[in-house]
Amino acid sequence: MTIDSLKSNVAVSAAGLELHYGATPVLKGIDVALGQGKTLALLGPSGCGKTTLLRLVAGLLAPSKGSVSIAGQVVADAASGTFAPPEKRNLGMVFQDYALWPHMTVGGNVSFPLEMRGISRAEREKRTMHALERVGLSAYASRRPSDLSGGQQQRVAIARAIVAEPQLILFDEPLSNLDRELRENMVGELAELIASLGLTAIYVTHDHSEALTLADQVAVMRGGLIEQLATPDELVAQPSTPEVADFLRLGGIADLERRDACWVFRGGDVALMRADEARADNSRILIPVAAITPGDIQPDRLAATVLRSQFRGDGHLATVSLIGADQVELQVLSRHKLKPGDGVGLSIDFDQIRWFEKPFHSHP
Amino acid sequence: MAAKSVGGQAPAAWLAIAGLLLVVAVPFAAVVMQGIFPELGQGSFANPFSSFVTTLNDGALIGMAGNTILLGCCVVLASAVVAVPLGVFRALYRVPGAALFDVLLLVPFMIPPYIATLGWIMTLQPRGYLQQLLGFNLASFLFSLAGMTMVMAFNTFPVVYFAVSRTVEAVGARYADVGRVFGATPARAFWRITLPLSAPGLAASLMLVFAAAIEEYGTPAALGRRAGFQVLVTGIDLRISDWPIDLPGASIMSLLLVGLSLLTFLGQRWILSRRSYQTVNGKPTAKDKRPLGVMKWPVLAAFIIVSFLATGVPLLSILATAMSRTISGGLALDNMSFDNFLSVFQNSAGALGALANSFSLGIGTALITGLIGVTAAYTVVKTKIRGRLAIDSLTIIPNALPGIVVAVGLILAWNMPWLPATPYNTPFILLLAYCCILLPQTMRYSTAAFQQIGDNLEAAARVFGASGITAFRRILLPLVFPSLASAMLLVFALASRELVASVVIAPVGMQTIATFIWRQFEQGSIGLGMAMAFIAILITTLLPLLLLALLRRSGLVAE
Amino acid sequence: MFKSLKSITLGAVAAVLMAGVAHADITVYTAGPQSLIDKMSEGFTKETGIKVNVFQATTGKVMARIEAEASNPVVDVLISASWDTASDFEKRGWLVKYSSPNAAKVPDFLKSDYAVAQGISALGIAWNTKSGTPKPSDWADLTKPEYKDMVNIPDPAQSGSSFELTAALAGQDDFKLFKDLQANGAIIAGANAEALNPVLQGAKAAVFGAVDYITLAAAKKGESVEVVFPASGTVIAPRPAMILNWSKNQDEAKKFIDYMLSDAGQKMVAAQMLMPARSDVAADRPLISDLKLLKFDNAAVYGKRKETLGEITKIFGGK
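So the sequence lines, in the order shown, correspond to chains H, Z and X. With the working numbering applied, the first sequence corresponds to residues 1 to 364, in that order. With the working numbering applied, the second sequence corresponds to residues 1001 to 1559, in that order. With the working numbering applied, the third sequence corresponds to residues 2001 to 2319, in that order.
Listed below in structure tokens is the structure:
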């Protein structure tokens, strides 16, 4: 692949992007690129800078340093002072609070982007109805947004975002205000919509399952930086840091110390396994849920106490603490319901353990 | 570097800054300069600060400042005593005819304070209407601090009444019921939940009353002088109207008054910003309210009495005076006629010209303050650009500038000999004065309206292809329009009756409603003045109501 | 929508502007009655084609305006309600010397090189005929028990003629009359009209030192009020008209003074129940020759203005 063809395929990119509010840095240097027709999820806890990054792409904020390009065009560059306002960027966007204009009808909301692009009235009506049909709300065109339920309002917001077939659609935690069942349905619908329309999209969320379901690329963000940028499969298989693993809820994180010839849980006296020479004396590991099989307490198993347990679709996911190293919390999937306070024996498949590169206290 | 937000607010900000500089900063700076440089009027900067010493050493000044504060506190207290119980009952109980009482209690806003005062004098003085009807008078009460307090409180208490009934209504419905679920009796829920939550709103409205009371001229001038009670505003007026004139002294006393008002205003803002529970959508329906039960008749009686005293007495007294052939003829049937009203319509003493002038100025003021208010509020609330703090401070100043100070400042500023063109001695100077005095109204209403609009509504418009100006016009302006429209109607009503500044700076040969009335009083034609007052009150009350009804029907303004 | 807003604003403002500033040739500030100056400028414009711009207010407000405008004055002709203004402005060198040919019949004490009276008012007792009190005939009558709490006094601080009356009477008996009045419940009640209004309704029986023409005009309208000129004498207030030296229209201003003193102009003055300045113009009211005047030294009285007002304030309390 040549540089040129790579460039023409890039729908949106950011280089060295920083944003400061006064002395406070919100983004500390973001480099990311997204190909045409792909979906990028920005995943992270609140305050990590993911919404700020989205607003920089949208043109609702201007960067303090670095640049943003959309479809090969530089739309914002702090060095040269280039700044294209949002209306010049040919975007669609779905807001967390929907941001439907209360003084316009549903149809008026959806046709607004077409109106701004100077499209004729007849054409506007046709395309508005088409977009509303796609989200199943064609009967509501003349209603006010306030007459609609939360889920319906969300669909109107989506119809408004796709109606003008923009080159890039931005989603700002679009489902966080919906209840769980609705949210799960909408994730499926959105995935279908994005695939069938071949949309290029950036999707901000704090929900890892939404991100892993919808995105081709996931950027896990933390403290104004991208911690890891990878496909969903890579992310699950090889989280780059304990924090990524923890945020994706891949399993329990534990710190090990080499003592004699064994790896012992730090701060306790429980040995996990025999140590090999290849690794440093202090290591941090991820024990994935799938690596642990629960059973009765037996000598060859680790003894643990159940702290809490929650039903998931495929069983009861319990959080347990090891007896003798009770600061270590692991996640266990059990077919039977486990009650807080129960004892449980854990057998661990050592091959599935993921060893992180850096020792603990790794992150500043 | 501070984070930039999106561009596109620049036009709004520039418009707001230019308007505020012209309307607010210029006259204010002139007053400050005059205070510092006593010979500024002669174009000289000699002897700076010399008049501070003489003015501040005047022993009467402390008395006047004390009287000003005393009067303000009394009016606040009286307003609270009248308004709080009524507001609470209106908010929590089903008061029969509540909508009608809301209208009746709104009318005092429309009666110019100096007219209301004269109405009270005509009613309560010896051989006044009260004595003619019932055989006794309350002159000794009227011409005292208590009388002044009563007249001014009846003029300003609606501010408190409406603030209390709105907040208590919203708070009561939302939180007090939660308290009851957790075991509080209605009374305990009121004392422990509703009242503390409503307190900031109540305090803010009381401070508004205080600010209005210390700026009021007509009532202390008409009632206070006889009680030997001088306040700062009448003191300033005296320095301006007593030969030899002391403009530097008046400027310094103005600055003292400005300081007092500013403190009040900052206090109000502090209370509101610290803990404001003003709920946005709390609009409970009548069915949420409790029936009054045995309290029905006493409460109803209280509403009727207050409405009658606040609205009925001044209006009836104005009407009676306007219809009297001669004042000495009293309330006799053969003394009643429409002669004075006819005189107004026959354009006697330029009455129709005065009406036309005032209404044109009112419309102009409403439009300009609307434009500046909405752009300034937008810049302050919705943008993060750098000049916005300056804009915010500039919009605070007029809250603290009494009409007479604005007038003095405008004369000083616009009558410099080196100016190539000046609005002085043209109607524009009145327009400038009214805009400065009334700007806080549109500013306050639009700020509140903008604060209720989610930031993303504008962002969404921008993302979907609207330029900054288009987004403002298509999205924000329609959303704040209901609030803006009511503020502009209020501005229209207040501008068309403004007295103090008008008397001092009206261009030669031009009369407004207020100067016409004042002049008739000064020349002994009380009846003609009152007829004009009655017509003006009628128009300024009915016209906005009509407009609102029209807007509502056309769907432009929501209920 | 913004466009239409702006055009409405400009339209409304323009309408007012056109109404207010019909381009005028001379500007007159007057402390006299509005209807008098309206009629007089109308007649003047009809005769000469020169338009007149008028600012009418109390003497104090007129003075405030002139002082505020000191650096850029616009007034051509000033008609004050107090001769003291003319003396003061003459001393400051602000006046233009002018003797109108029509002033020949104006008595000498009503004109100087720089100013000439438009008309004269006198002070008297304004008495409500239906007040149930006996008709007073002299100032001292108002200290009698019949008038207990029934007397208003115009504020001498706010009116030049009231001050002259106060000073003249106080000079005769060292404020005894005023102390007696105060003991009898008389109060100081604002400027002239403010003091008169309660008398019309009957709240008070009499004004001590009312400006006569306002009261006479009220009586003419049918109010039950009468002016009594006290036997022991009173003061008159000639209303000086003067041309300011910064005027750029001095010739037109002189024509205005001429018109003011013409037959037509003086008849208008008489119609307002003021005494005409010219002794040969008739009026339907008592004239100077019918009045007994108090004697006092103008310069001395004004020299002690502050002290006199201070004493009055002390007697009547307050402020």
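Ideal Cβ positions, reconstructed from N, Cα and C, are used throughout, including at glycine.
Close-in-space but distant-in-sequence residues of the same chain around ARG1090(Z) (CB under 7 Å, 5 per side omitted): As a working note, residue 1090(Z) is residue 90 in the second sequence. Only ALA1098 and SER1165 meet the Cβ criterion.
Going by the DSSP bridge assignment, what does LYS2176(X) pair with across the sheet? Position 176 of the third sequence, counted from the first residue, corresponds to residue 2176(X). In the DSSP output, where bridge partners are listed per residue, LYS2176(X) has none listed.
Residues of chain H with a CB under 7 Å from the CB of GLY1454(Z): which are they? As a position in the second sequence, residue 1454(Z) is number 454, starting the count at 1. Chain H residues near GLY1454(Z): ASP97 and ALA99.
Whole angstroms is fine: what's the gap from ILE162(H)'s alpha carbon to HIS130(H)'s? Here residue 162(H) is taken as the residue at index 162 of the first sequence, counted from 1. Here residue 130(H) is taken as the residue at index 130 of the first sequence, counted from 1. If you take the alpha carbons of ILE162(H) and HIS130(H), they lie about 10 Å apart.
Is there a Cβ from chain H that is less than 8 Å from the Cβ of PRO1291(Z)? The residue given as residue 1291(Z) occupies position 291 in the second sequence. With 8 Å as the cut-off, PRO1291(Z) does not count as an interface residue toward chain H.
Write down the C-beta distance between VAL264(H) and LEU302(H) rounded to the nearest angstrom, noting that I regard them as a contact closer than 8 Å. The residue given as residue 264(H) occupies position 264 in the first sequence. The residue given as residue 302(H) occupies position 302 in the first sequence. About 12 Å; that fails the 8 Å criterion.
If you compare alpha carbons, which of ILE1539(Z), LEU1545(Z) and MET1530(Z) is closest to GLY1119(Z)? By 1-based counting over the second sequence, the position of residue 1119(Z) is 119. Looking at the Cα atoms, MET1530(Z) is the closest of the given residues.
Leaving out the 5 sequence neighbours to the left and right, which residues in its chain are closer than 7 Å to LEU1106(Z) when beta-carbon positions are compared? As a working note, residue 1106(Z) is residue 106 in the second sequence. Hits under 7 Å: PRO1158.
Where the alpha helix (DSSP H) through SER1044(Z) begins and ends: Indexing the second sequence from 1 puts residue 1044(Z) at position 44. SER1044(Z) -> no alpha helix (DSSP H), and no H or E assigned at all.
According to DSSP, is TYR1093(Z) helix, strand or coil? For the purposes of this step, residue 1093(Z) is taken as the residue at position 93 of the second sequence. Residue state, collapsed to three classes: strand.
Residue-level contact to chain Z via CB, PHE112(H), 8 Å cutoff: Within the first sequence, residue 112(H) is the residue found at index 112, counting from 1. Cβ-Cβ to chain Z under 8 Å: yes for PHE112(H).
Which residues mark the beginning and the end of the alpha helix (DSSP H) in which LEU193(H) is found? Translated into the one-based positions of the first sequence, residue 193(H) becomes position 193. It spans 180 to 197 - the alpha helix (DSSP H) in which LEU193(H) sits, taken as one unbroken run.
Distance, Cα to Cα, LEU2165(X) vs GLU1216(Z)? Your numbering for residue 2165(X) matches position 165 in the third sequence. Your numbering for residue 1216(Z) matches position 216 in the second sequence. If I take the Cα positions, the gap works out to 32 Å.
What does GLY1450(Z) reach in chain X if we use C-beta pairs closer than 9 Å? The sequence position of residue 1450(Z) within the second sequence is 450, counting from 1. Strictly speaking, residue 1450(Z) in this sequence is Phe, with Gly absent from that position. Correct list: empty, because the minimum Cβ distance to chain X is about 17 Å.
In chain order, what residues of the same chain lie with their CB nearer than 6 Å to the CB of ALA951(Z), ignoring the 5 residues before and after it? With chain Z represented from 1001 up to 1559, any question about residue 951(Z) goes unanswered, as that position is not in the structure.
Distance cutoff 8 Å, beta carbons only. Does SER1467(Z) sit that close to anything in chain H? In the second sequence, the residue the question calls residue 1467(Z) occupies position 467. Judged by the 8 Å Cβ criterion, SER1467(Z) is in contact with chain H.
Taking Cβ-Cβ distances shorter than 7 Å, what residues in chain Z pair up with PRO2198(X)? As a first step, residue 2198(X) must be located in the third sequence, where it is residue number 198. What PRO2198(X) touches in chain Z: GLN1125.
Is it a yes or a no for the region 1432 to 1449 of chain Z touching the region 83 to 103 of chain H, going by three-plus beta-carbon pairs under 8 Å? no
Determine which residues share a DSSP beta bridge with MET2242(X) and list them. Start at 1 with the first residue of the third sequence, and residue 2242(X) comes out as number 242. DSSP, once it has assigned bridges, lists LEU2078(X) and ALA2115(X) as partnering MET2242(X).
To the nearest angstrom, how far is it from the Cα of ASN2249(X) to the Cα of LYS2130(X)? Reading the third sequence from its first residue, position 249 is the one you call residue 2249(X). Reading the third sequence from its first residue, position 130 is the one you call residue 2130(X). ASN2249(X) and LYS2130(X): Cα-Cα distance of roughly 51 Å.
Please list, in chain order, all residues of the same chain as PRO1248(Z) whose beta carbon is under 7 Å from its beta carbon, the five residues on each side excluded. Position 248 of the second sequence, counted from the start, is the residue given in the question as residue 1248(Z). Within the same chain, PRO1248(Z) has close Cβ partners GLN1034, GLY1035, PRO1038 and SER1051.
CB contact check: ILE2312(X) to chain Z, cutoff 8 Å: The count along the third sequence starts at 1 and reaches residue 2312(X) at position 312. No, no contact with chain Z.
According to the Cβ coordinates, are SER2080(X) and ALA2031(X) closer than 8 Å? Residue numbering aside, residue 2080(X) sits at position 80 when the third sequence is read from its first letter. Residue numbering aside, residue 2031(X) sits at position 31 when the third sequence is read from its first letter. It is a contact, given that the beta carbons lie within the stated cut-off.
Cα-Cα separation between ALA1018(Z) and GLY1235(Z), rounded to whole angstroms: For the purposes of this step, residue 1018(Z) is taken as residue 18 along the second sequence, with counting starting at 1. For the purposes of this step, residue 1235(Z) is taken as residue 235 along the second sequence, with counting starting at 1. Those two C-alpha atoms are separated by around 33 Å.
Got a sec: which bits of the region 39 to 52 of chain H sit with their beta carbon under 7 Å from any beta carbon on chain Z, in order along the chain? none
With a cut-off of 8 Å on the beta carbons, I'd call MET273(H) and LEU43(H) a contact; round off their distance for me. Position 273 of the first sequence, counted from the first residue, corresponds to residue 273(H). Position 43 of the first sequence, counted from the first residue, corresponds to residue 43(H). Rounded, the Cβ-Cβ distance is 32 Å, inconsistent with contact.
Thinking just about the alpha-carbon of each residue, which of ALA2195(X), ALA2205(X) and ALA2203(X) is nearest to the one in VAL2211(X)? Mapped onto the third sequence, residue 2211(X) falls at position 211. With distances taken between Cα atoms, VAL2211(X) lies closest to ALA2195(X).
C-beta contact flag for VAL1480(Z) and ALA1449(Z) at 8 Å: Your numbering for residue 1480(Z) matches position 480 in the second sequence. Your numbering for residue 1449(Z) matches position 449 in the second sequence. Closer than 8 Å, so yes.
Whole-number beta carbon distance between ALA1211(Z) and THR1264(Z), since they are thought to touch under 8 Å: Position 264 of the second sequence, counted from the first residue, corresponds to residue 1264(Z). Position 211 of the second sequence, counted from the first residue, corresponds to residue 1211(Z). THR1264(Z) to ALA1211(Z), Cβ: 5 Å. Contact.
Using three-state DSSP, classify ASN2192(X) as helix, strand or coil. As a first step, residue 2192(X) is located in the third sequence; it is residue number 192 there, counting from the start. Reduced to three states, the DSSP call for ASN2192(X) is helix.
Against chain Z, with Cβ distances strictly below 8 Å, would ALA58(H) count as a contact? For the purposes of this step, residue 58(H) is taken as residue 58 along the first sequence, with counting starting at 1. For ALA58(H), the answer is yes, since a Cβ of chain Z falls inside 8 Å of its Cβ.
Whole beta strand (DSSP E) elements within the region 2232 to 2299 of chain X, 3-residue minimum: 2236 to 2243
Comparing the CB of PRO1291(Z) with every heavy atom of the ligand NAD, is any distance shorter than 7 Å? The ligand NAD is absent from the structure shown, which contains no ligands of any kind.
When you compare the CB of VAL2301(X) with every CB in chain Z, is at least one pair closer than 8 Å? The sequence position of residue 2301(X) within the third sequence is 301, counting from 1. No - not a single Cβ of chain Z is within 8 Å of the one on VAL2301(X).
Distance check for LEU1315(Z) and PHE1308(Z), CA to CA, integer angstroms please. If you number the second sequence from 1, residue 1308(Z) lands on position 308. If you number the second sequence from 1, residue 1315(Z) lands on position 315. Cα to Cα, PHE1308(Z) sits roughly 10 Å from LEU1315(Z).
Consider the Cβ of SER2087(X): report whether some Cβ of chain Z lies at a distance smaller than 8 Å. Start at 1 with the first residue of the third sequence, and residue 2087(X) comes out as number 87. Answer no: the Cβ-Cβ gap between SER2087(X) and chain Z never drops below 8 Å.
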